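J.:
Residue numbers (the UniProt record's numbering): 1 to 444.
#1: For the alpha helix (DSSP H) holding residue 161, just list the boundary residues, first then last.
#2: How about the segment 95-109 and the segment 189-203: do they share at least three Cβ pairs that are nearer than 8 Å?
#3: Shortest alpha-carbon distance to residue 73 belongs to which of 411, 367, 373 and 198?
#4: Quick one: residues in its chain with C-beta nearer than 8 Å to the C-beta of residue 32, no 5 flanking neighbours on either side, listed in chain order?
#5: Along the chain, which unbroken stretches of the beta strand (DSSP E) at least 3 residues long are found entirely within the segment 284-330?
#6: Can at least three beta-carbon pairs, one atom from the segment 249-266 and one from the segment 379-398, be found at a separation below 8 Å?
#7: To which residues of the same chain is residue 330 closer than 7 Å at the C-beta, ignoring the five residues directly before and after it?
#8: Going by DSSP, name the residue or residues bridged to residue 148.
#9: For the pair the segment 353-361 and the segment 269-286, tell me if three or more CB-CB distances fall below 8 Å.
#10: Does the beta-carbon distance from residue 244 to residue 345 come in below 8 Å?
#11: Measuring alpha carbon to alpha carbon, tell me which residue in 337, 22 and 401 is nearest residue 304.
#12: Count the other C-beta atoms from every protein chain shown that fall within 10 angstroms of the C-beta of residue 187, then say buried if there are 16 or more, exposed otherwise.
#13: With a 10 Å radius around its C-beta and 16 neighbouring C-beta atoms as the bar for buried, classify residue 407 as buried or exposed.
#14: What is the DSSP secondary structure of residue 428, reduced to helix, strand or coil?
#15: Leaving out the 5 sequence neighbours to the left and right, which residues in its chain are closer than 6 Å to residue 342 when beta-carbon positions are compared?
#16: In chain order, what are the residue ranges of uninterrupted alpha helix (DSSP H) at least 4 long that sit wholly in the segment 327-390?
#17: Where in the segment 106-153 do unbroken runs of the alpha helix (DSSP H), each at least 4 residues long, occur, reported from the N-terminal end onward?
#18: Would you say residue 208 and residue 29 are within 8 Å of each other, going by their C-beta atoms?
#19: Below 8 Å on the Cβ atoms is my guess for residue 82 versus residue 35; work out the distance and round it to an integer in Å.
#20: Could you tell me whether the segment 65-72 touches the segment 226-245, using the rule of 3 or more Cβ pairs below 8 Å?
#21: Compute the Euclidean distance between the alpha carbons of residue 198 and residue 360, then round it to the nearest angstrom.
#22: Quick check: what's the CA-CA separation for residue 363 versus residue 80?
#23: Which first and last residues belong to the alpha helix (DSSP H) in which residue 36 is found?
#24: Based on Cα-Cα distance, which residue from 378, 50 and 137 lies nearest to residue 114?
#25: Pick helix, strand or coil for residue 416, following the three-state DSSP scheme.
#26: So what does DSSP say about residue 54, is it helix, strand or coil?
#27: Please state whether DSSP places residue 272 in a helix, a strand or coil.
#28: Helix, strand or coil for residue 229? Go by DSSP, reduced to three states.
#29: How many Å lie between residue 414 and residue 296 at the Cα?
#30: Can you tell me whether residue 231 is buried or exposed, with buried defined as 16 or more other CB within 10 angstroms of its CB?
#31: Determine the extent of the alpha helix (DSSP H) in which residue 193 is found, giving its start and end residues.
#32: Alpha carbon to alpha carbon, what distance is there between residue 159 and residue 332?
#33: Rounded to the nearest angstrom, what separates residue 428 and residue 46 at their Cα positions?
#34: Would you call the CB atoms of residue 88 and residue 212 closer than 8 Å?
#35: Hey, is the segment 109-129 in contact with the segment 179-186, meaning 3+ C-beta pairs nearer than 8 Å?
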């Protein structure tokens, strides 16, 4: 039973977002961008910063994995909480916690570089602040934003556009954050990005506090329902998404190593070349999710399947060789395929659930993705240390497995007649799902 407090009236369209204007989708997307940019500023300086603090590479890797584990554990809770108390309250609480944890992390990092704090105490402090505290607070941003936008969309086309836009906002934050963080570190020193990180998150708090006025009683439920990972309505999407993100995150981890080894570059050349290739991939993903996918005539599951095929082909193309051209084409196609597949994976399962289940689903999706970022660095680097080709074989196997699964699973496999009907219905209002239990059908 839908336990919404007040469904409200239908609202006018926003020509920019494709969603009702009062939903303020651009504000939500800008908040996602700012929240994640506060994190991404750290990426270009993490290696030299860790060395300046006297920490080993495995310690930084452990902190990042710890943050991903915490995110995976808490995301489902945050998704449901946002539907119960409201998305604005959750975003404000999340951003405030993230700002405090980043500020304290910067202070501890400064103490580490000056020798005031060292050894196990330094490692423990960073693990608590950057791993646990930051992971716990930032884990609310994506699921609460997704649940809010999904609950305020009425067609599959709108949901694809909304999910693609969230992915594009996250991708854009990685691009801009990497450039700004690297620039600040180069011109003003390693501490500069650490000072700016909490300030950006504080700017997001001010933006949400002043500029975000969520639709009254939309996305608010007395008792948001909890769904399980094994829910048969969505499990096929979650398995596909897990394989997709595990392949994607593994390739990200391997990229710096393989660039240096396959082309025989020095440390500075490797850093620059890796940044170029990763930026190309990120830009391709942003354009795919934010521009291309909303224009495609296919339903979500077709976009997922075909995106996975492109990603699998590109995974073969990035196999260690001495060709810059082949690697460049592979990187572009990997960004194209993974960007499309991620959007289909995120939007697809929302069609099978009622509004009061969307918060739980958003949390589970974010958790599903987070787990891959916790395990990928361990598995991929271990394989690479044994044999570089073994690590890339692992990525290819994951991508191919995702394709095979998507083409064989009854809910995802090709069905031309059904998919033509789904494509024709993409712009039609989604009907309520009569049965919110395991027998629910796609809302079309």
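From the three backbone atoms N, C-alpha and C, an ideal C-beta is built for every residue, glycine too.
Keep in mind the model is a prediction, meaning the values are calculated, not measured.
T.: For this structure:
#1: 156-188
#2: yes
#3: 367
#4: 141, 142, 145, 166, 169, 170 and 173
#5: none
#6: yes
#7: 314, 317 and 318
#8: Note: residue 148 sits in no beta bridge, so no partner.
#9: no
#10: yes
#11: 337
#12: exposed
#13: exposed
#14: coil
#15: 167
#16: 358-386
#17: 119-126, 134-138 and 141-151
#18: no
#19: Contact flag wrong, Cβ pair sits at about 14 Å.
#20: no
#21: 28 Å
#22: 8 Å
#23: 25-40
#24: 50
#25: helix
#26: coil
#27: helix
#28: coil
#29: 17 Å
#30: buried
#31: 191-211
#32: 25 Å
#33: 47 Å
#34: yes
#35: no
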